[in-house]
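Student: Quick one: structure below, then a few questions.
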C-alpha cells in the first residue's frame, strides 16, 4: 500500500507528523511508525525530509529542527506547523456521518459521549462539517420491543451472561427456542444483529434483532467455546458453504430486486430487462416461499426437485381458495365467485 | 511518488504559513527551493502545486498587500489552517474509535483514516482497543461505484447525468439530476435531488445506475432548497404506507408465525386445524407478496382485492 503513496499523501503525513510529536513532547520511533502505519525506516526518511526543509528568502533558514537520537523523537522548532491541518470536508463528513449513525444504533449506552463528541467535532471542523448534513446513514430503528431487546443484549454482553431467545426464522416460518452465548452486537448494512454461540446449533450464529420474538437474560455465565470465531464482517455476513444447493432463477424486470436484495453468485442480463440469477443456499425452503411471492415476476428453473416443490405448494395454496368457494360459507366466497365470473365473461 | 515534489510542497506550505504579507509568485519562487528557472515551466508547476494544496484542504488565500499592486500574492492564515483546540474525555475517545471502524472497506475509509490521523496529531488517541466497545461492531456495506462521483457532485454542487433502470423497467433511461445529498438506508445508497427531465424531486438507488455518472454542469451551479432534509426524502420514498386497512386470514394452526406477530386478534376457526387472524396492512400489493410467502398455510378471506392479488401470484407460479 505504501508503495503507491502520492506526493500529496506523503505531504499530509508530514504535516501531521510534526504536531504528533509536539503534542507528546517526546515519542518513540517505533510507536510513531505504528501510529502512522509506516515502517521505522520510512519514518526516519520522513524526519530527515522535514529536518532538511529550507527557505532561501528573505534570509536562508531551516524552519524545522528535530532529532531522533536513541529512538526518541523531539521537535525543538516547528515554526507555524505545530498544529495539524484542519479537517477536510471528506474527513469531517466521514466521522460525523459515522457518529450520527452510531447514535441510531439500538441499545448503545454511550449516547451522551456520542452527542458530546459530535458537537465537539462539528465545532472543530467548522465549515467543513456543513456538507456532512448531505450524507447520512440510517440504521433500522426497531419498534417498541426491539429497543428493549437491544438494551437487554447490551446488558447481557457487559455482564457476560447467557440469553434465551425465541427467534423467528422466516424461511421456515418457525419460532425457534435457543440458548445463546452472546459475543457481539453487529450493525451491518443498516441492520442490527446479535452474534453469539448458539448452543442448539453448536455454532456461531447471527440473529437479526427485529426477528427476536422474546429474550430472557439467564443466570448462567456466557461461555462461548474457544472455536467460536467472530464472523469477519468485512468479508460479508453470508458466505456460501460447499454443501449449498445451487438455485437458478429467471427474473422479469419487476423481479430484478431479488438480485439486489439477496447475495447472488452470478447475475446475467437477459433480453427485455430480465435477469438470470444464481444463488447458493443451505436451505431451499425460503426460495420456495420467495417463488410463491414472486408469482410471474420470477421463476426458479433449477434444481428440478425444487421446481416441482414450488408447483405443488402453489397448487395446494390455490386449492385452499377453491375449497373455500366450494364450501361457500363466507360472504367473501361470493365475492370471489363474482370476481372470477367477471374475468371469465371478459374472455 | 516524487520526493522532490513532496519537499517543494512542504516548503511552500511552511513559507506561506510563516508570512503575514501576501507573497507574489516571484517571491515564492525565490524562497522555496525546487522551482524551475524558466517562467512558463514555473508557472505551470506553481499552478499545479496550488491545486494540490487546495485539494488537501490547505486554505490558500489570494490577495493584495496594497491596492496598487499588480500581481496577486498568496498566504496561509495560521488560524484558518490549524485544527482548533480539541480535548476529548475518555468515553468520547472510545466512541471515536468506534466511528472510524464504520467505514472500514467502505467509500470514505480513506477520509476517516485521514481524520483520525489529524486528531492523533492533535494529541488525541482514539481508544481503538478499548475493551468496552469490542462488543459492538458497526460497518457499512459494500462500496457502490456510483458513490464516488455522486459524493463529489454533492460536495461541489454540480449537476450530473446517468443512465438509470427504474424498478420494473426493462430499459434504462438517461436522467439529469441536481443532487442534494446521498443517504444509506437498509445498507443501500440513495441519492436525492431535483430531476431536471421530470421537473420534480426524485430519489434514485445507486445500485440501479447503469454505467458512469458524469458531471453536466459547473461546480456551484446546484442550489439545495432551504430546509431540505435528504434523510426524510429517502425515508418517504422507501417507506410503506401506514397500516390503515384490515384483513381477515385463515392461518393453519402452528404456522404463519410472521403473520401472527402483527395480528390484532387470533381465534380458532370453525374448521379444525385453522385459526382466524385479523391484522392490519398498508398496501395490497406488498401484503399480498407477504401472504403468498406462507403458501398453503394462509388463506385470505377478506378483503376481496387482497385475496385476488394473492391468487394472481399463485396462478403466476403455475402459468
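Residue numbers (the working numbering), protein chains in the order written: chain C, -4 to 342; chain L, 28 to 346. Where is the CB? At the ideal position from N, CA and C, for every residue including glycine. Being a predicted model, the structure only gives us computed values, none of them experimental.
#1: Thinking C-alpha only, which one of C/86, C/84, C/109, C/85 is nearest residue 96 of chain C?
#2: At 3 residues or longer, what runs of the beta strand (DSSP E) sit wholly inside the segment 86 to 134 of chain L?
#3: Identify the continuous alpha helix (DSSP H) that holds residue 202 of chain C and give its terminal residues.
#4: To test your reading of the DSSP string, which unbroken beta strand (DSSP E) runs of 3 or more residues are found completely within the segment 223 to 309 of chain L?
#5: Against chain L, does residue 185 of chain C count as a neighbour if the rule is that its beta carbon must be under 8 Å from one of theirs?
#6: Near residue 215 of chain C, which residues of its chain fall below 6 Å by C-beta distance, leaving aside the five closest residues on each side in sequence?
#7: Looking at residue 49 of chain L and residue 91 of chain L, is the spacing between their C-beta atoms short of 8 Å?
#8: Do the CB positions of residue 204 of chain L and residue 222 of chain L come within less than 8 Å of each other?
#9: Relative to the alpha-carbon of residue 181 of chain L, which residue among L/279, L/246, L/62 has its alpha-carbon at the smallest distance?
#10: According to DSSP, what are the bridge partners of residue 130 of chain C?
#11: Can you name the start and end residues of the alpha helix (DSSP H) that residue 217 of chain C belongs to?
#12: Rounded to a whole number of angstroms, what is the C-alpha to C-alpha distance between residue 113 of chain L and residue 12 of chain C?
#13: Please name the residue or residues paired with residue 325 of chain L in a DSSP beta bridge.
#14: In the DSSP assignment, find the unbroken alpha helix (DSSP H) run with residue 92 of chain C in it and report its ends.
#15: Check whether the segment 299 to 313 of chain C and the segment 299 to 308 of chain L are in contact - that is, three or more C-beta pairs closer than 8 Å.
#16: Name the two residues that bound the continuous beta strand (DSSP E) containing residue 162 of chain L.
#17: Note down the Cα distance separating residue 301 of chain L from residue 290 of chain L, rounded to an integer number of angstroms.
#18: Against chain C, with Cβ distances strictly below 8 Å, would residue 33 of chain L count as a contact?
#19: Report the residue ranges of all beta strand (DSSP E) runs contained in full by the segment 151 to 183 of chain C; include only those spanning at least 3 residues, in chain order.
#20: Does DSSP put residue 48 of chain C in a helix, a strand or coil?
#21: Our contact map puts residue 52 of chain C next to residue 57 of chain L with C-beta atoms below 8 Å; I'd like the distance itself, whole angstroms only.
#22: Less than 8 Å between CB atoms is the rule here; does residue 253 of chain C satisfy it with respect to chain L?
#23: Using a cut-off of 9 Å between C-beta atoms, extract the partners of residue 213 of chain C located in chain L.
#24: Can you give the Cα-Cα distance for residue 297 of chain L and residue 324 of chain L, rounded to whole angstroms?
#25: Does any residue of chain C have a CB that is nearer than 8 Å to the CB of residue 182 of chain L?
#26: So with CB distances below 8 Å, who are the chain L contacts of residue 100 of chain C?
#27: Nearest CA to the CA of residue 260 of chain L: which residue from L/208, L/271, L/235, L/331?
#28: Mind checking the segment 170 to 196 of chain L against chain C and listing, in chain order, the residues whose C-beta falls within less than 9 Å of any C-beta there?
#29: Run down chain C in chain order and give the residues with a C-beta less than 8 Å from the C-beta of residue 54 of chain L.
#30: Between the segment 143 to 155 of chain L and chain C, which residues of the former have CB atoms less than 9 Å from a CB of the latter, in chain order?
#31: Between C/34, C/266, C/85, C/162, which has its C-alpha nearest residue 198 of chain L's C-alpha?
#32: Measuring straight from C-alpha to C-alpha, what distance separates residue 270 of chain C and residue 241 of chain L?
#33: Distance cutoff 8 Å, beta carbons only. Does residue 68 of chain L sit that close to anything in chain C?
#34: Measure the beta-carbon distance from residue 171 of chain L to residue 81 of chain C and round it to whole angstroms, keeping in mind my assumption that it falls under 8 Å.
#35: Taking the alpha-carbon positions, what's the residue 328 of chain C to residue 339 of chain L distance?
#36: Residue 211 of chain L CB to nearest chain C CB: under 8 Å?
Tutor: The short version:
#1: C/109
#2: Taking only runs of at least 3 residues, the beta strand (DSSP E) segments lying wholly in the segment 86 to 134 of chain L are 87 to 90, 100 to 103.
#3: Looking at the DSSP string, residue 202 of chain C is not in any alpha helix (DSSP H); the run it does join, the beta strand (DSSP E), is 198 to 203.
#4: 227 to 232, 236 to 242, 272 to 279, 290 to 295, 301 to 308
#5: yes
#6: 157
#7: Residue 91 of chain L places its beta carbon less than 8 Å from that of residue 49 of chain L.
#8: Result yes, Cβ atoms of residue 204 of chain L and residue 222 of chain L sit closer than 8 Å.
#9: L/246
#10: L/209
#11: Unbroken run through residue 217 of chain C: none, as it is neither H nor E.
#12: 17 Å
#13: Partner(s): L/278.
#14: For residue 92 of chain C, the enclosing alpha helix (DSSP H) stretches over residues 84 to 99.
#15: no
#16: Looking at the DSSP string, residue 162 of chain L is not in any beta strand (DSSP E), and its letter there is neither H nor E.
#17: 15 Å
#18: yes
#19: 156 to 164, 169 to 183
#20: coil
#21: 4 Å
#22: no
#23: Going along chain L, no residue has its Cβ under 9 Å from residue 213 of chain C, so there is no contact; the nearest lies around 17 Å.
#24: 16 Å
#25: yes
#26: 163, 165
#27: L/208
#28: 178, 181, 182, 192, 194, 195, 196
#29: 52
#30: 143, 144, 145, 146, 147, 148, 149, 150, 151, 152
#31: C/266
#32: 26 Å
#33: With respect to chain C, the C-beta atom of residue 68 of chain L has no partner C-beta closer than 8 Å.
#34: Wrong, their Cβ atoms sit about 29 Å apart, outside the cutoff.
#35: The pLDDT assigned to residue 328 of chain C is 43, lower than 50, so where the model puts this residue is not dependable; a value taken from the coordinates is nonetheless given after this. The alpha-carbon atoms of residue 328 of chain C and residue 339 of chain L are separated by roughly 16 Å.
#36: Judged by the 8 Å Cβ criterion, residue 211 of chain L is in contact with chain C.
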